[in-house]
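In my numbering, the protein residues as written are 23 to 810. Backbone N, C-alpha and C define an ideal beta-carbon position, used for all residues, glycine too. Worksheet: the structure to be examined is printed underneath.
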């Protein structure tokens, strides 16, 4: 302001409103990405007082977010009225005798010292000795490469794209068309002198492209689709890059008058079937989506040579977006599509062919460039074997699982929905009767007021000024208060009804009559697969309702569902990794590890172990895998801290090899910066040496957990590949349709049932040899619920 500059403060902190004046305004964020630019009049309209009285307002009414108490008994409306009538805090106390009603005057007198301290706390000090040199503030002549390295270290991935200058533009061309980009596995830099991006709209051009792809050893591909789910998404266009700097876009289903002539999918299928079906020819980013989207458009299954997203995931990249990787790794900029977001989003098919072609060709070009660079890094980090032998071959297997889907009994779910709807209505009436009032049960604020202010139930705790009504609070109350029991049941049933019972039938694909989930290889740090849209790995397994929901997943006529479920695979992985003699011998003797652990912890014979003892021992066994401390055991059980300490000590007395393994794993993480599984899958743990104790201990728990869970993930992935290969070689009709944690579920014709009963446990148990026997439990049924 002293230099006559117009200033805008972008902030969501209301404190900054006191700084607004003739030269300074506040850009205040609102919902849906919008913001309000507030001048003095805007502040007065929003808060009821002008900017110079914002700190006075907070001094009177208080601010719990800043721990400012304010004057007890004076709320926001009263504070605004006082300021509008008298002015700031000093003026109010100068004319305190004029304040009415007498009750408010008394409150102000009693808390004058508090009010003045609050005014001091709420006022921003603008007298700090800061000098602003605008010339020195200019961002010029910076080292862009160093800036990119710093931004990557700080994980400012989106900001990298906004660094001015230096990036290779996706639209860059030169007059000399004879020059071409050259990239080989040996090169460490990309030199681009030309880009040749073309749109293929005629049969002659398509024929030329097919010949060009057949001549290339490998080529990169990018899919443009309208929709996030690959099975239901509409294919808008395809881009191919047979060489760095060269790419072709085929528009398929662009809409609008400006779209112009387009090729049919049938013509493209016919022309490109030969190059697409060649062995190990295709490179892609997120090949799972690419191959699934093309499969639903009837393209043949492609032979995958490389997946840049999978490679980035194995290399520990936090951001796996193609544009970010291309910019960070190659300094190659991909101009994003101007499609908008939210309600303003424009479908891709409504964008011009030229816009989409530039984007799609740049993406395909970037995939080709990145493939070589990432392949080098995989080899350097000794991850090529895991990538080539496990992760990459798993992609087409998952594509087949996604495309096949699961058959659903929608009539059963419809009946459940009606019954649960009636039960929820009855619970709602009972809750209102117990509360003696009606309110929004789903509103934590209203529920907290009813429980702890109206009914005055005990154990009420406030978090950020609001009553806590989470499950832990209600679990304590349910022992003595029926309303808490009703609320917990209401929440459970509501979640089951909305998440599964009502939602799953809506997700049935109208073309196939099945539910198609997406399996993700890059969303967990342990290497386990995850499921989304819908998440079929989270279908409840416990309780009558959970089993009934699983009964809705059914086998088609003349088929059964067969499940192969690894028994205690994480503990077996722990035994292998730790080489603990006692744990290994327990598995070798075929004993129940939880019962044996309980017998030692409670100093009783194995035959005397009760179900409660076994449950506690199970909590300890699995808690160790997650790096559980005595505090964690105390929270997870009914133990006191001293009892938890004794149990942890007794556990490591029984299994000393596990203690040594945990210590060794943490030390290796500190030295190397990562931990790994038996197949070499890594998790990088940058905060393992953090000075902050809580951050460091959280990193240590990650270091302990990942090798165990990751090894279990490696085992089930190898088993999936072995079983898929066996079924393909035997030309079987059986299909692997789901992977849920440690369980594989197959859709099996009755004619192949006996063979699958023999081969599934044999190949699952022999996937990877461990130091202990691996056990697989086989279950069968016409529904998933019959197998649990």
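Taking the continuous alpha helix (DSSP H) assigned at residue i, which residues delimit it?
i	result
residue 443	432 to 457
residue 522	First-last for residue 522: undefined, no H or E at that position.
residue 115	111 to 116
residue 466	466 to 471
residue 340	Where residue 340 is concerned, there is no enclosing alpha helix (DSSP H), given that its DSSP letter is neither H nor E.
residue 226	225 to 237
residue 609	603 to 610
residue 645	633 to 647
residue 777	775 to 787
residue 126	124 to 132
residue 461	Run containing residue 461: none; DSSP gives neither H nor E here.
residue 598	591 to 600
With a cut-off of 8 Å, does the C-beta of residue i fall near any C-beta of chain B?
i	result
residue 641	Judged by its chain identifiers, the structure shown contains no chain B, having just a single protein chain.
In the DSSP assignment, what residue or residues form a beta bridge with residue i?
i	result
residue 542	552
residue 679	DSSP, once it has assigned bridges, lists no residue as partnering residue 679.
residue 32	49
residue 244	261
residue 575	430
residue 272	260
residue 536	429
residue 90	85
Along the chain, where does the beta strand (DSSP E) containing residue i start, and where does it finish?
i	result
residue 583	581 to 588
residue 802	798 to 803
residue 771	765 to 771
residue 259	256 to 265
residue 60	57 to 60
residue 304	304 to 306
residue 704	704 to 706
residue 327	326 to 329
residue 759	757 to 762
residue 218	218 to 221
residue 696	696 to 698
How close, in whole Å, do the beta carbons of residue i and residue j come, if the pair is a contact with beta carbons under 8 Å?
i	j	result
residue 789	residue 744	6 Å
residue 418	residue 326	7 Å
residue 40	residue 74	7 Å
residue 679	residue 601	6 Å
residue 587	residue 765	4 Å
Residues in its own chain within less than 6 Å of residue i by CB, not counting five upstream and five downstream?
i	result
residue 49	30, 32, 57, 59
residue 584	768, 770, 778, 802
residue 617	628, 631, 636
residue 811	For the chain, the structure presents residues 23 to 810; residue 811 sits outside this window and is missing.
residue 387	263, 269
residue 469	491
residue 734	591, 592, 595
residue 761	551
residue 429	536, 576, 578
residue 76	39, 40
Count the other CB atoms, across all protein chains shown, that sit within 10 Å of the CB of residue i; report buried if there are 16 or more and exposed otherwise.
i	result
residue 162	exposed
residue 268	buried
residue 512	buried
residue 168	exposed
residue 301	exposed
residue 195	Caution applies to residue 195, whose pLDDT of 36 falls short of 50 and renders its modelled position unreliable; the value that the coordinates give is listed next. It is exposed - the Cβ of residue 195 has fewer than 16 other Cβ atoms within 10 Å.
residue 208	With a pLDDT of only 39 at residue 208, under 50, the local geometry of the prediction cannot be trusted, and the value read off the model is given with reservation. Counting Cβ neighbours within 10 Å, residue 208 comes out exposed, since fewer than 16 surround it.
residue 11	The displayed coordinates of the chain run from 23 to 810. Any statement about residue 11 would go beyond what the structure contains.
residue 67	exposed
residue 197	With a pLDDT of only 29 at residue 197, under the threshold of 50, the placement of this residue in the model should not be trusted, and no figure is reported.
residue 497	exposed
residue 154	exposed
residue 522	buried
residue 78	buried
residue 239	exposed
residue 146	exposed
For residue i, I'd like the list of residues in its chain whose CB is within less than 7 Å of its CB, leaving aside the five on either flank, ordered along the chain.
i	result
residue 661	655, 669
residue 210	Caution is warranted here: a pLDDT of 38 is assigned to residue 210, below 50, making its placement in the model unreliable, and the coordinate value is therefore given only provisionally. Within the same chain, residue 210 has no close Cβ partners at all.
residue 542	551, 552, 554
residue 1	The structure shown does not extend to residue 1, since the chain is modelled only from 23 through 810, so no value can be given for it.
residue 681	674
Tell me which residues share the same chain as residue i and place their Cβ nearer than 8 Å to its Cβ, disregarding the 5 neighbours each side in the sequence.
i	result
residue 483	489, 490, 495
residue 722	649, 688, 691, 710
residue 397	207, 328, 333, 406
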